[in-house]
Amino acid sequence: MIFDHRTAVVTGAAGRIGQGTARKFAQYGVKLYLADIDMERLDAFAAELRSTGADVHSVFMDVCDLTSITTAAETILQDAARVDILVNNAGVWPRATALESSDDAWQKTINLNLNSVFRLSKIFGQKMKEQNYGRIVNLGSIAGEAGLPEMCAYSVAKAGVIMLTKTMAMELAKCGVTVNCVSPGMISDTASPTPGTWLGRSGTGDEVANAIVFLAADNTGYITGTDLPVDGGRTLGPRTTTL
Ligand SMILES: NC(=O)c1ccc[n+]([C@@H]2O[C@H](COP(=O)([O-])OP(=O)(O)OC[C@H]3O[C@@H](n4cnc5c(N)ncnc54)[C@H](O)[C@@H]3O)[C@@H](O)[C@H]2O)c1
374 MIFDHRTAVV
384 TGAAGRIGQG
394 TARKFAQYGV
404 KLYLADIDME
414 RLDAFAAELR
424 STGADVHSVF
434 MDVCDLTSIT
444 TAAETILQDA
454 ARVDILVNNA
464 GVWPRATALE
474 SSDDAWQKTI
484 NLNLNSVFRL
494 SKIFGQKMKE
504 QNYGRIVNLG
514 SIAGEAGLPE
524 MCAYSVAKAG
534 VIMLTKTMAM
544 ELAKCGVTVN
554 CVSPGMISDT
564 ASPTPGTWLG
574 RSGTGDEVAN
584 AIVFLAADNT
594 GYITGTDLPV
604 DGGRTLGPRT
614 TTL
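Written out as structure tokens, the structure is:
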């Protein structure tokens, strides 16, 4: 993968997939602005990356809050001058059926998982358009492709993320900006056996990070508007064979 002096913003960077992604970017020499609400974990992780020689900045950003998004983005843009890559990774998946969801809980889940992606893509997408170069990679989910019972608002939000990806990919196609989505399924800290995927195991944050970094590279610029499942074949259909 080629990254020619690139700068990336990764949200939810203190978590499993965020850390995996940041580690891989750092290996390619990408300058990093890592954002999260869990500053204790984020600062410790950023220090670990810095000790390997990486150029890493940690920033508090609550993606639920427009003011926090705007303030953090301004801080990043003042410091970085340009941002080439945005990874909209922050997300949470509260369990609730449609009938159980309070109106407030529904709004919060949509706000965190979908509105944040719109808001951040708008701010950094505008800058990418002006510089005629950019890569936006959004985190969808198998929930947004096939739906997951007891995660109704989350599934709807992630379906929105996938459609936001496709629409923005078309809108920014002539501006040097690609917009893609990676949809993980059954990811845990270590790959462990499960009958829930065709591969018979869960996946890791590192395996999702491989797909994110691939779609963020300089030399994958002919791919836009795609939704790439990283799910061990989970969305292929029910396992009807012992093969
Ligand atoms: N783990 C999976 O199986 C799975 C499956 C499908 C999709 N995803 C998606 O992948 C992304 C990352 O998942 P993960 O497994 O690394 O989760 P994780 O829980 O390990 O990490 C999520 C990170 O987001 C941060 N975060 C939470 N609320 C935030 C807020 N308001 N503002 C900023 N940061 C906030 C958390 O502090 C945490 O560091 C999410 O968008 C998730 O929906 C994960």
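For the sequence shown, our numbering assigns the number 616 to the last residue and increments by one with no breaks.
Each residue gets a CB set at the ideal place from its N, CA and C atoms; glycine is no exception.
The structure displayed is predicted, hence computed values, not measured ones.
Give a single yes or no on whether Thr470 has its beta carbon closer than 8 Å to a heavy atom of ligand 1. The residue given as residue 470 occupies position 97 in the sequence shown. No, the Cβ of Thr470 stays beyond 8 Å of every heavy atom of ligand 1.
Sufficient close CB pairs (3 or more, under 8 Å) joining the segment 488-499 to the segment 589-598: no
By the three-class DSSP mapping on this structure, what secondary structure does Arg396 have? On the sequence shown, position 23 is the one that residue 396 refers to. Helix at Arg396.
Closest to His430 by C-alpha separation, out of Ala526, Asp452, Ala530 and Asp411, would be which residue? Locating residue 430 in the sequence shown gives position 57, where the first residue counts as 1. Comparing Cα-Cα distances from His430 to each of Ala526, Asp452, Ala530 and Asp411, the minimum goes to Asp452.
Own chain, CB closer than 7 Å to Val552, minus 5 neighbours either side, in chain order: As a first step, residue 552 must be located in the sequence shown, where it is residue number 179. So the qualifying residues of the chain are Ile509, Thr538, Met541, Ala542, Leu545, Thr597 and Gly598.
Segment contact flag, the segment 562-575 with the segment 516-524, C-beta cutoff 8 Å, min 3 pairs: no
Exposed unless 16 or more other CB atoms sit within 10 angstroms - verdict on Gln480: Counting from 1 along the sequence shown, the entry for residue 480 is found at position 107. Result: exposed.
Measuring alpha carbon to alpha carbon, tell me which of Arg379, Ser441 and Gly391 ends up nearest Gly464. The residue given as residue 464 occupies position 91 in the sequence shown. The candidate whose alpha carbon is nearest that of Gly464 is Gly391.
Reducing DSSP to helix, strand and coil, say where Cys548 ends up. Looking up residue 548 in the sequence shown gives position 175. Here Cys548 sits in helix by DSSP.
Grab me the residues of Ile585's own chain with a C-beta within less than 7 Å of its C-beta, minus the 5 sequence neighbours each way, in chain order. For the purposes of this step, residue 585 is identified with residue 212 of the sequence shown, where counting begins at 1. Same-chain partners within the cutoff: Thr394, Val460, Val510 and Val555.
Counting along the chain, where does the alpha helix (DSSP H) carrying Ile375 start and finish? Counted from its first residue, the sequence shown places residue 375 at position 2. First-last for Ile375: undefined, no H or E at that position.
At a cut-off of 8 Å, is Trp466 close to ligand 1 when judged by its beta-carbon and the heavy atoms of the ligand? As a position in the sequence shown, residue 466 is number 93, starting the count at 1. Correct: Trp466 has its Cβ closer than 8 Å to ligand 1.
Flag Lys531 as yes when its Cβ comes closer than 8 Å to any non-hydrogen atom of ligand 1, and as no otherwise. For the purposes of this step, residue 531 is taken as residue 158 along the sequence shown, with counting starting at 1. Answer for Lys531: yes, Cβ within range of ligand 1.
Beta strand (DSSP E) runs wholly inside the segment 452-531, at least 3 long, in chain order: 458-461 and 507-512
According to DSSP, what are the bridge partners of Cys554? Your numbering for residue 554 matches position 181 in the sequence shown. BP columns for Cys554 point to Asn511 and Asp600.
Closer than 8 Å: is that where the CB of Gly391 sits relative to any heavy atom of ligand 1? Counting from 1 along the sequence shown, the entry for residue 391 is found at position 18. At least one heavy atom of ligand 1 is nearer than 8 Å to the Cβ of Gly391, so yes.
Distance cut-off 8 Å: Met559 Cβ against heavy atoms of ligand 3: Ligands in the displayed structure: ligand 1; ligand 3 is not one of them.
If contacts are defined as beta-carbon pairs under 8 Å, then Arg389 and Asp562 qualify, I think. What distance do you get, rounded to the angstrom? Here the question's residue 389 lines up with position 16 in the sequence shown. Here the question's residue 562 lines up with position 189 in the sequence shown. Their Cβ separation, rounded to whole angstroms, is 6 Å, which keeps Arg389 and Asp562 in contact under 8 Å.
Kindly indicate which three-state DSSP category Arg574 falls into: helix, strand or coil? Counting from one through the sequence shown, the residue named residue 574 turns up at place 201. In this structure, Arg574 counts as strand in the three-state DSSP scheme.
If you count every other CB in all the chains shown that lies within 10 Å of the CB of Leu485, and 16 or more means buried, which is it? Position 112 of the sequence shown, counting from 1, holds the residue named residue 485. Leu485 should be labelled buried.
Under 9 Å, do Ser494 and Pro557 count as touching if we go by C-beta distance? One-based indexing of the sequence shown puts residue 494 at position 121. One-based indexing of the sequence shown puts residue 557 at position 184. Cβ atoms of Ser494 and Pro557: not closer than 9 Å.
Use the C-beta contact count for Ser565: other C-beta atoms within 10 angstroms, 16 or more gives buried, fewer gives exposed. Locating residue 565 in the sequence shown gives position 192, counting from the first residue. It counts as exposed.
Using the three-state DSSP reduction, which class does Val586 fall into: helix, strand or coil? Translated into the one-based positions of the sequence shown, residue 586 becomes position 213. If DSSP states are grouped into helix, strand and coil, Val586 belongs with the helices.
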